[in-house]
Structures are given as structure tokens and as C-alpha cells.
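Below is one structure; the comments refer to it alone.
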Amino acid sequence: MSGKLGALPWETKGAFKTSLRLTVPATMLVAFLFSRAALMQELHPFGPSLVVFLWGSSTPP
Amino acid sequence: MIWPAVLAAIAGSYRGVWGSFISNGAVFILLGMVLTFYPQGPKTHFYPSLLAPTSLFLVKGLALLLRGSPPYGWIQVLFEAFLSWGLAQIFIEALSTPRLEERMLGLGLFLAGILLGIQGIRFMGVSWQLLLTYYFLLLASLAGGAGMGAAWGAALGLLPSLAQFAPPLLAGLLAFVGLAAGYLRIWGKLGVLGGFLLSQLLLGPYFLGQEGIALKEWGGAACLFLLTPLPW
Chain B
1 MSGKLGALPW ETKGAFKTSL RLTVPATMLV AFLFSRAALM QELHPFGPSL VVFLWGSSTP
61 P
Chain P
62 MIWPAVLAAI AGSYRGVWGS FISNGAVFIL LGMVLTFYPQ GPKTHFYPSL LAPTSLFLVK
122 GLALLLRGSP PYGWIQVLFE AFLSWGLAQI FIEALSTPRL EERMLGLGLF LAGILLGIQG
182 IRFMGVSWQL LLTYYFLLLA SLAGGAGMGA AWGAALGLLP SLAQFAPPLL AGLLAFVGLA
242 AGYLRIWGKL GVLGGFLLSQ LLLGPYFLGQ EGIALKEWGG AACLFLLTPL PW
């Protein structure tokens, strides 16, 4: 962990972004689970929103 | 990172019915292609969140047109598209907002997606959804006391009823369990765990009958909770 002494991990510069950058297997697992998630057995809105979120979060605003 | 996620999402969308698998898979393939062709993304946050409902509506609307579906199918697709827009917008906003409440909302919906996704997955007779539900409830009770435990219990207990057509019995039970576990927070982790187990033993069979006693899930959640590196 880099950064100033005594700082919490999420207070150090870059550590927050690093913690958000999920590894590929973790992302795949989350995507798998999100696409399985169903509301009222028939609605599956979680999967597409996660894929868009992954893209939107990796691009600068 | 996009295509591994897309492929995993396609795999997860198989539920034994080929028709819905093909249409759901086509949504993810379309999204993957759009995101590959436009890797830099747009300048505002509003536009990317609209990609999810647009893809859903285009692909599933085409499938409905080809099948000649009744109006209910269109209403379903509209609802699904609307929900996907809201979720994508919340997730993207939660990442950049400075407000803690909005971040907590994003995190809560993220956990809801995970819990809804593992519904029906059992390993050695253990329901992973129930185990993680109990684990999150224990964490909430330890972090925020009786109020937060009861609120999280009610919210977590509603998830199985949202996923399928089932009465929300678990919501009432988990609200009481979170309340009892949170009250005993003054004795730390062991107090929270004691309140959780006692209230489950007292109220579980009353609310859910025989299914109210889930020893494996209680034990698994308790072990995870005790192993979590938090102050005692």
C-alpha cells in the first residue's frame, strides 16, 4: 500500500481507483450472477446495466 | 474487460429456455459490440445509461415482432428497459457522487443484484443466497445497531419475494432478527451473533415452519461473521 503514513487505504491517492478496478475473474463472476438475477421471474435488468456500468466507469466523464 | 463480462453474462442468462437465452444473449452481444466500437465513451453520464434500455428494447422488441407477442410482452420489455436504465444510471452515478447516501444506495443495489443472482444455487445442501443474506444482516447489525439491523433485515427479506412470486414472510422475520441482533451489539460480535441465533430459534419456526430452521446457513453465516476481520 502506498501513500502517506497513517492514511486509510481509500484516502491514499490512486488506491480507491485500484480497489475499484476489479480483476477479470471477479468481474466475470459478478456479470454471471447479475445476468441470472431476475425480478418477478421474468425481468432481467441487472445484466445489461452492469455491462454498461463497467464501460461507463472506465471512461472519463 | 468488457468481453469477458459479456461472455459471462451470456452464460448466466441460460435458464433452460432457448428462446429467452438467445434474446438475452443477443442483448449482451449488441452491447459488447457497441462498447467495442466506442471504447472512449461519450462525454456525459446520461448517455451510457441509455445504452442498456435501448439495446434491450431493440433486441427483445425485434424478438416480440417476429413471434407476434401479445401486449403483455411489450409491457414486460418496457419495464425491463426502464429498470435497466435506472440501475445503470444509479451505478454510474454512485461511482462519482460525493454523497455517502447515493454511494450506499448504489452499493445496496449492487448487493441486491448479487443476492438475486445466486438464488437457487445450492452447494452441499446450503442455500448461498440465504447464507449471504444472514451474513450481511449480521454485518449490518454490528455496524449500525438495532435500527440498521431491522432496516436491512426487512430489505434483505424482501429480495426472494421480488425474484419470484412468493409471500414476503422472510422480511418480517429478518426485521425482528436484525432488531434483536442489533440490540445486543453492546457485547460485540458475540452479542450480535447470540441475538441473531436466539431470535432465529424463537421466531424462525413461527414465521416459516419447518423451513425456518436452517442450521447449515446459520452456521455458515456465523463462521463467516466470526472470521471477518472486525473488532470484537
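Sequence order for the protein chains is B and P.
Numbering follows our numbering, in which position 35 of the first sequence is assigned residue number 35; successive positions increment by one, without gaps.
Remember, our numbering sits 61 above the position in the second sequence when you count from 1.
Even for Gly, the Cβ is constructed at its ideal location relative to N, Cα and C.
TODO: Indicate whether at least one CB of chain P lies closer than 8 Å to the CB of B/A31.
DONE: Against the first sequence, residue 31 of chain B aligns to sequence position 31. Closer than 8 Å: yes.
- [ ] Please list the segments of the alpha helix (DSSP H) lying wholly inside the stretch 203-269 of chain P, counting only runs of 4 or more residues, in order along the chain.
- [x] 230-244, 249-269
TODO: Classify P/V78 as buried or exposed, calling it buried when 16 or more other Cβ atoms lie within 10 Å of its own Cβ.
DONE: For the purposes of this step, residue 78 of chain P is taken as the residue at position 17 of the second sequence. By the 10 Å Cβ count, P/V78 comes out exposed.
Task: Closer than 9 Å at the beta carbon, the chain P residues around B/A37 - done: Start at 1 with the first residue of the first sequence, and residue 37 of chain B comes out as number 37. Residues of chain P passing the Cβ test: G73, A173, G174, I175, L176, L177, G178, I179, Q180, A224.
Open item on the list: Against P/I63, what residues of chain B qualify as contacts under a CB-to-CB distance less than 9 Å, listed in chain order?
Closed with: Mapped onto the second sequence, residue 63 of chain P falls at position 2. V51, L54, W55, S58, listed in chain order.
- [ ] Enumerate in chain order the residues of its own chain whose CB-to-CB distance from P/F82 is below 8 Å, with the five nearest sequence positions on each side excluded.
- [x] If you number the second sequence from 1, residue 82 of chain P lands on position 21. Excluding sequence neighbours, P/F82 sits near S74, Y75, R76.
TODO: Let me know if B/M28 comes out buried or exposed under the rule of 16 or more other beta-carbons within 10 Å of its beta-carbon.
DONE: Residue numbering aside, residue 28 of chain B sits at position 28 when the first sequence is read from its first letter. Buried, by the Cβ-count rule.
Task: Rounded C-alpha distance that separates B/M1 from P/Y195 - done: Position 1 of the first sequence, counting from 1, holds the residue named residue 1 of chain B. Position 134 of the second sequence, counting from 1, holds the residue named residue 195 of chain P. At B/M1 the pLDDT is 42, less than 50, meaning the model places this residue with poor confidence and gives no usable figure here.
- [ ] Look up P/R183 in the DSSP assignment and give the residues it is bridged to.
- [x] Taking the first residue of the second sequence as 1, we reach residue 183 of chain P at position 122. Partner(s): P/S188.
Open item on the list: Taking the straight line between their C-alpha atoms, what separation do you get for P/S116 and P/F257?
Closed with: Counting from 1 along the second sequence, the entry for residue 116 of chain P is found at position 55. Counting from 1 along the second sequence, the entry for residue 257 of chain P is found at position 196. The alpha-carbon atoms of P/S116 and P/F257 are separated by roughly 44 Å.
Task: Span of the alpha helix (DSSP H), counted from its first residue to its last, around B/Q41 - done: In the first sequence, the residue the question calls residue 41 of chain B occupies position 41. B/Q41 -> no alpha helix (DSSP H), and no H or E assigned at all.
Task: Per-residue contacts from P/F184 into chain B (C-beta, under 7 Å) - done: Walking along the second sequence from the start, residue 184 of chain P turns up at place 123. Neighbours of P/F184 on chain B: none; closest Cβ ~14 Å, over 7 Å.
TODO: Mark P/S188 as exposed unless 16 or more other C-beta atoms lie within 10 angstroms of its C-beta, in which case mark it buried.
DONE: As a first step, residue 188 of chain P must be located in the second sequence, where it is residue number 127. The residue in question, P/S188, is buried, as its Cβ has 16 or more Cβ neighbours within 10 Å.
Open item on the list: Does chain B have any CB closer than 8 Å to the CB of P/S116?
Closed with: Here residue 116 of chain P refers to the residue found at position 55 of the second sequence. P/S116 counts as touching chain B.
Open item on the list: Applying the 10 Å Cβ sphere with the 16-neighbour rule, what's the burial state of P/L287?
Closed with: Against the second sequence, residue 287 of chain P aligns to sequence position 226. So P/L287 ends up on the exposed side.
Open item on the list: Am I right that P/L92 and B/V52 are in contact with their C-beta atoms under 8 Å? What's the rounded C-beta distance?
Closed with: Counting from 1 along the second sequence, the entry for residue 92 of chain P is found at position 31. Counting from 1 along the first sequence, the entry for residue 52 of chain B is found at position 52. Contact holds; Cβ gap of about 7 Å.
Task: Segment contact flag, the stretch 264-273 of chain P with the stretch 204-214 of chain P, C-beta cutoff 8 Å, min 3 pairs - done: no
Task: Between the CA atoms of P/L112 and P/I151 - distance to the nearest angstrom - done: The residue you call residue 151 of chain P lines up with position 90 of the second sequence. The residue you call residue 112 of chain P lines up with position 51 of the second sequence. If I take the Cα positions, the gap works out to 14 Å.
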